[in-house]
Amino acid sequence: MTLVLRFAAGSHKGLIREGNEDSGYAGPRLLAVADGMGGAAAGEVASSEVLGSIVRLDEDVPGADLLTLLGDAVQGANDRLRQMVEEDPQLEGMGCTLTAMLWTGQRMGLVHVGDSRAYLLRDGALVQITQDHTWVQRLVDEGRITPEEAETHPQRSLLMRALDGRGQVEPDLSIREVRAGDRYLICSDGLSGPVSHQTLQDTLGSYYAPEQTVQELIQLALRGGGPDNITCIVADVIDVGATDTMSGQFNDVPVVVGAVADAPPSSAAADRSIADTPAGRAAGLGRGPQGAFGPAEGYEEGYGAQGGFGPAEGYEGEYGYGSGEPSVYGTEDFDEGRPRKRKRKGLTISLAALVTLGLLGGAGWFGYQWTQDQYYVGTQEDHVAIYQGINQNLAGLSLSSVHSSYSKIQLKWLPEDQQAHVKKTISVGSMKDAQSTVNELDGWVQLCQRAARANTPATPPATQAVYLAATPTPTEKNRGPAAAPTTSPSTAPTPTAPVAPTPAPNATPPAGAAQGDQAPLSEEELSRANSCPKQ
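Residue 457 in numbering that gives the first Met the number 0 sits at position 458 of the sequence shown; the count goes up by one each step and never skips.
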């Protein structure tokens, strides 16, 4: 029995994001998806560099110690990110997830960090074989929320682990025995978020070719709103014998999609030792600005700037895609009734145009009304504000306005990654979610102010106030609500001195505040306060 992988990969920037920070690689032995984070801090650079660092795993059939091989490769990728940040401090805060599978021909090694996912479809049942390294998954594991609540939790994008060049990586490593007929899916959360588990199972079980399945999965994510970058790999385990006529029909050319295809990683480009290998040649494979997939023949033109996936619905017809009906010009004798027929056709077209314009006008009005039910958190001068509408302009008209301004939640007190999130704006589902995000940012401000006061030499003041400690919060990805403690801006602690006024939330610490007038920071708070800006 000879087992081989038949694979396809695809990537799309989605309908909301300005660029694609996902990267994907599919080869005869290595399948990998990296989801960049960091926004302005170059998430696309991180995902490209990580895949560029591990791509050499696809060169040879790996040895018996798969886990050591994968673990070393991931640590090397993390070291590469650390080196890049040291060379260019502007990249501070970038990072990415990584979910990758390494194939030996009989077994599959799996490495996983973050919230990209790997699934296995076997005997018609789909099972998620990775566990999300997120805050909400921890809450589910502890029984504090249900899996259904986790799907809509405002902090569902908060990552507990990621490749970001800081310290040692702690990936999940495992070995899986494979069977002929297995189908694997690796994807970023741009697919697993808007598409339900049941729909993924039905789709993976309904399409034969991986290429066809990849198309349909990305279409489903787009129909679900396309709120994030979408990247997925589908790989089938096929049993081909030496006498099997199908064995020579499987393409083993590696495929690269997403950010790594747009801009090959500098580390891979500089390494001439892999330039003439399948993985090295794969780094030169290009695609359209919205993403492409391969290596299936016949789909190269199907996934261009408009995000199409082949023939438009209703054009397949009996005459084939793009052929239309056969021409009948010259097959009939000219008759005088034909001009009147054209006139009626012209009138029909005019009426259709008027109806279309009316529908467009109505759609525009309803569209504007829809925008006014949307909210996001952004900046107003040097502080945080909640905006009503969407962060877009239409014919010079802004589609958003300030709903609530928080002058005391100043950007200078937020960690750099949080500042980057707010500057790029944080999309939320409702005003309640927006207020929750603001509360979390306010908690960060209070924590950073406490840390600043703890590092300031004590000067005995007349009166002093105790500031509340912020709840520790994990690292946030660029596409979810900002990670921060949940202290409410309206909550104020009781002054330590009877005559001292209660400080407003996130108020700037008094110049003479002494360390002894506030509760000392815990070890966990001190650890998180390391990300606070130096004042």
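Virtual Cβ for every residue (Gly too), placed ideally from N, Cα, C.
As the structure is a computational prediction, the values presented were derived from the model and not from experiment.
Inter-residue spacing [alpha-carbon to alpha-carbon] between residue i and residue j
i, j, result
"residue 175", "residue 52", "23 Å"
"residue 171", "residue 153", "25 Å"
"residue 191", "residue 94", "20 Å"
"residue 119", "residue 2", "16 Å"
"residue 432", "residue 373", "11 Å"
"residue 533", "residue 518", "21 Å"
"residue 526", "residue 446", "11 Å"
"residue 448", "residue 523", "16 Å"
"residue 157", "residue 133", "5 Å"
"residue 233", "residue 437", "39 Å"
"residue 240", "residue 0", "6 Å"
"residue 409", "residue 380", "9 Å"
"residue 531", "residue 165", "16 Å"
"residue 238", "residue 177", "11 Å"
"residue 99", "residue 30", "5 Å"
"residue 440", "residue 450", "15 Å"
Residue i classed as buried or exposed, judged by whether at least 16 other C-beta atoms fall within 10 angstroms
i, result
"residue 180", "exposed"
"residue 88", "exposed"
"residue 77", "buried"
"residue 397", "exposed"
"residue 49", "buried"
"residue 417", "buried"
"residue 12", "buried"
"residue 454", "exposed"
"residue 169", "exposed"
Boundaries (first-last residue) of the beta strand (DSSP E) holding residue i
i, result
"residue 100", "97-102"
"residue 236", "229-238"
"residue 185", "182-186"
"residue 174", "171-176"
"residue 420", "Residue 420 -> not in any beta strand (DSSP E); alpha helix (DSSP H) instead, spanning 415-423."
"residue 117", "116-121"
Supposed close pair residue i, residue j - CB separation, criterion 8 Å
i, j, result
"residue 419", "residue 405", "Contact doesn't hold; Cβ gap of about 18 Å is too wide."
"residue 213", "residue 115", "About 16 Å; that fails the 8 Å criterion."
"residue 4", "residue 236", "6 Å"
"residue 21", "residue 228", "4 Å"
"residue 161", "residue 112", "6 Å"
"residue 34", "residue 131", "The pair is not a contact, with the Cβ atoms about 12 Å apart (cut-off 8 Å)."
"residue 135", "residue 149", "4 Å"
"residue 204", "residue 123", "6 Å"
Where the alpha helix (DSSP H) through residue i begins and ends
i, result
"residue 161", "Careful: residue 161 lies outside any alpha helix (DSSP H) and carries neither H nor E."
"residue 521", "Where residue 521 is concerned, there is no enclosing alpha helix (DSSP H), given that its DSSP letter is neither H nor E."
"residue 139", "134-140"
"residue 47", "42-53"
"residue 205", "196-205"
"residue 75", "65-86"
"residue 35", "Looking at the DSSP string, residue 35 is not in any alpha helix (DSSP H); the run it does join, the beta strand (DSSP E), is 29-36."
Cut-off 7 Å between Cβ atoms - residues of its own chain near residue i, not counting five sequence neighbours on either side
i, result
"residue 202", "212, 215, 216 and 219"
"residue 386", "374, 375, 377, 399, 400, 401 and 402"
6 Å Cβ shell around residue i - same chain, five flanking residues per side excluded
i, result
"residue 15", "226"
"residue 25", "6, 8, 232 and 254"
"residue 27", "251"
Residues of its chain near residue i, where Cβ-Cβ distance is below 8 Å and the 5 sequence neighbours each way are ignored
i, result
"residue 414", "443, 447, 530, 531 and 532"
"residue 221", "11, 13, 14, 229 and 306"
Residue-level contact to chain B via CB, residue i, 9 Å cutoff
i, result
"residue 172", "Protein chains in the displayed structure number just one, and chain B is not present."
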